[in-house]
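Residue numbers (our numbering): 120 to 258.
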Amino acid sequence: RRTAGGGSPTRRPLLTPGPTCNIIVTRMRGERIDLALKGLADPIRRHTVQRLVQGPATAGQLAALFSVSRPAVSRHLRVLRRTGLVTATSSGRNVWYQTRPAALAGLSEWLDAVARRAADAPTLAAQGGPDPPDHRRPR
């Protein structure tokens, strides 16, 4: 989305707080949660984070795990760095990547809060509403 003058993108809130909207508050701000979830939307980036929680690795080491080029892995790492989930540290000729535990903990805290809220939320059946549709295929 661009502004009418072709300038920077306009940002609209996804949720407008109102009297019936309870916002889940965590240490991680909404924009960071959005970035983190977008960063983890790609399977290669999710697998990269899963590998990096085991310890630091270079782009070359990570590229050996996937059937994509090293430049493609570097682009995925750049996205993960922008989300704040991964950091990069230069050491000689190598750049080592590692996860940021605080960022992962913030995302986990938010997901846990959402899951708790969902578990406590009323259901259609509990409110005497219609049964949810059966989406199974007929036999």
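Ideal Cβ positions, reconstructed from N, Cα and C, are used throughout, including at glycine.
Using CA atoms only, rank isn't needed, just tell me which of the options is closest to residue i.
| i | options | result |
| --- | --- | --- |
| serine 166 | Arg151, Leu204, Ala234 | Note that residue 166 is histidine in the sequence shown, not serine. Taking only the C-alpha atoms, the option nearest histidine 166 is Leu204. |
| asparagine 213 | Asp239, Leu181, Asp153 | Leu181 |
| histidine 195 | Gly174, Arg236, Gly179 | Gly179 |
| tyrosine 312 | Pro249, Ala222, Thr208 | Because the chain spans 120 through 258 in this model, residue 312 falls outside it and cannot be assessed. |
| glycine 174 | Thr206, Ala160, Ser227 | Thr206 |
Report yes if the C-beta distance between residue i and residue j is below 8 Å; otherwise report no.
| i | j | result |
| --- | --- | --- |
| glycine 158 | valine 198 | yes |
| leucine 96 | threonine 218 | One cannot answer for residue 96 here, as it falls past the ends of the chain, which runs 120 to 258. |
| arginine 278 | leucine 154 | The question about residue 278 has no answer here: the residues shown for the chain are numbered 120 through 258. |
| isoleucine 152 | leucine 226 | yes |
For residue i, which of helix, strand or coil comes out of DSSP?
| i | result |
| --- | --- |
| serine 193 | helix |
| glutamine 246 | coil |
| alanine 234 | helix |
| glutamine 180 | helix |
| glutamine 173 | coil |
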